[in-house]
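K.L.:
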Amino acid sequence: MAPTSSVVVSFRSQDRPTRSSKQHRTMRTAAASGVRLGRLRATRNAFFTCCASQKHRLVFLGTPDVAASILQQLHDACALPTSSCEIAAVVSQPGRPRGRGRKTQGDAPPSPVAQLAMELGMDEGRIWTPKSARDEAFLDALRNLKPDLCITAAYGNVLPNAFLAIPKRGTVNIHPSLLPKYRGAAPVQRALEAGDEESGVTLAFTVQAMDAGPIIAREKVAVEKNVRAPEFLNQMFDLGSKLLMSHLPTILDGTAAENAMPQDEEQATHAKKVTKEEALLDFAQSAEKVHNKVRAFAGWPGTVANLAVHHQDRDEDTKVLLKVETTKVLGEAGAQTATTRVEVDGDSMRVVCGDGSIIELLEVKPPGKRSMTPGAWVRGFRTKCNIRWV
């Protein structure tokens, strides 16, 4: 039974999005990030061996840019002449409005994964965007496809038991944390917010409970103290892609399921979804905590400082919610007497936090303006002023 039009992404040739120069650069960047033959030779040789006797049908599920990079690498491996594996279908969340205000004229653009699948020339009838993985037409289409394995990476929809029962070798997920730590929607953000010095990526089978399936493999990495969430997320999924490729042979022959390790439930922690309400910085905390929050929430939702600006030619303070994009810790606790006064030094801005530690603001974004240095923002007032955090 073929999926209904509400499930299948269908584009006529004249409706197919054209490749912009930016999309071409994105494709080249994805290809350069680890799919060249020489850089993945060892894992691909293993990949070819596992697929030598029959055509293994893979279904990939993902939505954002980080998932698109994994689809690109998987596609390139399957496209090699010696590979007998194929990507039989791609599943993604429906397209959503993008840009400021989240408003789009006409149909919402496809997700990065669906867009890449079209760019790669996949059959339009095999690019599926169900609103829910419980959609019966979608599940029927998947059953008719008879996949050997489903692979998920930042898909974003809960997979019901009806889905999990379909693929012959199960469903595996690339999760950007060292499970069972940081199960849930925001593992990278919560790890950076906590100031973790070590993190990693886990390849695990998917079960009904969130991120609780048996572990196939994990890879640990040190966390650089100034790395921000978007960059670290890309790093984790790039590492996860390589982990997938190296273990795909044992997943497809069934030995990975036999040897997978159950998770220790006593060590499990939850990485709750980040909300816009968490964006406000609290300088009563230590500089390290403030810095960790700025880099954890970089991208979305970002972080903001609540400042009071007193101009010498005005009686009342002006309250400003200043978006803070980049920071650096300058001094530890007790480095300076605690004060709410903010000092501007050249292009940077220094804040003494509640414990006397010092944080430097390097890049900010005033309301309705582009990103700039704090010094450039203050010089824009054209009058002398004093600034304090509130």
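Per my numbering, the very first residue in the sequence shown carries number -3; after that it's consecutive. In this text, a Cβ means the ideal position worked out from N, Cα and C, and glycines have one as well. From a predicted model like this one, the values you see are computed outputs, not experimental measurements.
1) Does the beta carbon of Val86 sit closer than 8 Å to a beta carbon anywhere in chain C?
2) If you draw a straight line from the alpha carbon of Thr167 to that of Asp61, how long is it in whole angstroms?
3) Considering only the beta carbon of each residue, do Leu277 and Ile383 sit closer than 8 Å?
4) By alpha-carbon positions, which one of Ala256, His306, Gly152 and Phe201 ends up nearest to Cys381?
5) Can you give me the C-alpha to C-alpha distance between Asn288 and Gly327, rounded to a whole angstrom?
6) Taking the DSSP output, what are the residues bridged to Lys216?
7) Could you have a look at Cys349 and say whether DSSP puts it in helix, strand or coil?
8) Does the count of Cβ pairs from the region 345 to 357 and the region 265 to 281 closer than 8 Å reach three?
9) Can you have a look at Lys238 and say buried or exposed, based on whether 16 or more other CB atoms are within 10 angstroms of its CB?
10) Tell me, which residues are paired with Asn382 by DSSP?
11) Rounded to whole angstroms, what is the Cα-Cα separation between Gln185 and Trp385?
12) Are the region 242 to 250 and the region 309 to 317 in contact at 8 Å, needing three or more beta carbon pairs?
13) Smallest Cα separation from Pro226: which of Ala133, Thr322 and Ala283?
14) Check whether the Cβ atoms of Gly152 and Gln89 sit closer than 8 Å, and answer yes or no.
15) Considering Asp341, what are the terminal residues of the beta strand (DSSP E) in which it resides?
16) Which runs of the alpha helix (DSSP H) fall wholly inside the region 257 to 326 and span at least 4 residues, in chain order?
17) Please identify the residue among Met257, Gly371, Val86 and Met206 whose C-alpha is closest to the C-alpha of Lys361.
18) Taking the beta strand (DSSP E) that Gly236 falls in, what are its first and last residues?
P.N.:
From the atom records:
1) No chain C appears in the structure shown, which is made up of a single protein chain.
2) 21 Å
3) no
4) His306
5) 15 Å
6) Gly196
7) coil
8) yes
9) buried
10) His306
11) 25 Å
12) no
13) Thr322
14) yes
15) Arg337 to Asp341
16) 283 to 292
17) Gly371
18) Per DSSP, Gly236 belongs to no beta strand (DSSP E); it is in the alpha helix (DSSP H), Ala225 to Leu248.
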